[in-house]
Amino acid sequence: MDICTGQPYLGATRQDIAGHPIIVSFTCNSLVGRVAESMRKKVFFGTVSDVDIRLMRVLTKVVECGNLSAAETELGVGRSTISRQITDIETRLGMRLLHRERGRRGFQLTQHGQKAMVYIEQLLSATDQFVEGIATINENLVGTLDICMTDFTYSDEANPLTEVLRTFSQLAPNVTINLMVGSPREIEKRLIERTAHLGILHRYASFEELTYEPIYDEVSSVYAGESHPLVQQLRQTGNITAKEAQSHQLISREYRESSLQTGLKSRFNRGPVVLETEAVAALVKAGVYLGYLPDHYFDGREPDFFRILPNTFSYKSTVHMAYHHTKVMSPPASEFLKLMRTNAGRPPNG
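What the sequence shown shows, in the numbering used here, is residues 74 to 423, in sequence order.
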């Protein structure tokens with residue numbers, strides 16, 4: 074008899090000299106197999122707790138980041154803690170969700186993980202909508218407020234964002250504000266997918282799902298680094314022409330821009346293509362390329378940058394506040410938008 078199962082033993086036997094049966098080998102694989110099968114077939118059911126929601130958010134952030142190092146920074150906890158939390162949610166759901174790539178710090182979703190993430194994202198989205206909906210009914214300023222903005226916009230004194238953030242934090246101390254930086258394309262995508270409430274960006278495209286409201290105007294100009302040949306020429310002769318400037322390479326942006334910007338940039342020799350404004354500033358400062366940068370960033374703060382023929386190449390563009398017009402706006406988002414409207418177009422410190 075198999076002592077692991079209580080069933081008659083079916084393994085190999087031989088007899089001793091008296092004819093009694095002797096078990097040649099013994100294994101508990103049947104028991105181990107049953108335990109493994111039980112774990113594998115463990116089905117998630119019952120109530121979803123706050124702990125489950127928190128673990129799912131950790132998992133979502135890890136998948137979004139793609140590796141533990143980035144997730145550590147985003148979540149503000151150590152790698153061992155993140156690993157334990159991932160194990161906890163895998164145990165809770167009864168399936169392996171992530172597969173760690175051998176020799177690398179990245180992860181890949183398993184097949185079960187890919188399917189589970191669809192429902193996890195739906196659950197988290199529904200949870201957020203529930204909180205916002207209840208807050209809307211009660212008109213309470215609680216929950217989270219997700220705002221996206223393009224880089225190099227906060228430092229413009231014409232941008233009311235800093236003042237509004239200060240006022241809003243006093244008005245709604247129980248609201249957590251998440252402020253993210255991205256390209257106009259990324260911001261519009263998040264707004265359309267309803268993973269962000271508000272966006273601050275230049276309006277280069279128009280999506281029917283979004284409403285755009287002008288906030289303030291921004292002036293941008295062509296800049297050159299101190300070691301750029303145009304700057305050297307300007308110091309020696311005191312003069313450069315538009316034709317001479319246009320003979321040099323100008324940095325382009327990865328996303329679509331307005332017809333005005335495209336027309337101005339088309340006059341120059343095409344240089345490298347970048348996404349972020351900070352990348353433009355780094356390449357310009359190196360003295361190799363020309364690039365369009367917002368004037369407000371360099372007012373007395375960057376002596377190594379020189380503006381080139383502003384009367385010829387500078388242009389004004391409008392920065393907008395965008396939001397999903399078909400979504401019922403949460404009280405925090407509605408209040409923040411109201412403050413932005415109130416402060417839009419005011420003189421700095423006005």
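The beta carbon of each residue, even a glycine, is placed where N, CA and C say it ideally should be.
His270 is a Cβ neighbour of Tyr396, given a cutoff of 8 angstroms. Of all C-beta pairs linking the stretch 239 to 252 to the stretch 397 to 417, three or more are shorter than 8 angstroms, placing the two stretches in contact. By the Cβ-count criterion, Phe203 is exposed, with fewer than 16 other Cβ atoms from all chains shown falling within 10 Å of its own Cβ. Counted as a single uninterrupted DSSP element, the beta strand (DSSP E) harbouring Met394 occupies residues Tyr388 to His397. The alpha carbon of Leu148 has as its nearest neighbour, out of Gln319, Val135, Gln306 and Ile159, the alpha carbon of Val135. Counting of Cβ neighbours within 10 angstroms places His393 among the buried residues, the total reaching 16 or more. Of the candidates Leu363, Gln309 and Glu291, Glu291 places its Cα closest to the Cα of Ser390.
Excluding its 5 nearest sequence neighbours in each direction, His301 has C-beta neighbours in its own chain below 6 angstroms: Gly360, listed in chain order. The C-alpha of Lys188 lies about 48 angstroms from the C-alpha of Ser294. Counting every other CB atom within 10 Å of its CB across the protein chains shown gives Arg326 a total of 16 or more, marking it as buried. In this structure Thr223 does not touch Ser198 by the C-beta definition: roughly 25 angstroms separates them, more than the 8 angstroms allowed. In this structure, the CA atom of Tyr227 is about 20 angstroms from the CA atom of Glu330. For Asn384, the three-state secondary structure derived from DSSP is helix.
Taking the CA atoms as reference points, Val347 sits about 7 angstroms from Val353. Annotation for Glu259: Cys221 place their beta carbon closer than 8 angstroms to its own, counting only its chain and skipping 5 residues before and after. Boundaries of the beta strand (DSSP E) around Leu283: Leu283 to Gly298. The beta carbon of Ile250 sits closer than 6 angstroms to those of Leu218, all from its chain and outside the five residues before and after it, given in chain order.
Taking all protein chains in view, the Cβ of Tyr362 is crowded by 16 or more other Cβ atoms within 10 Å, so the residue is classified as buried.
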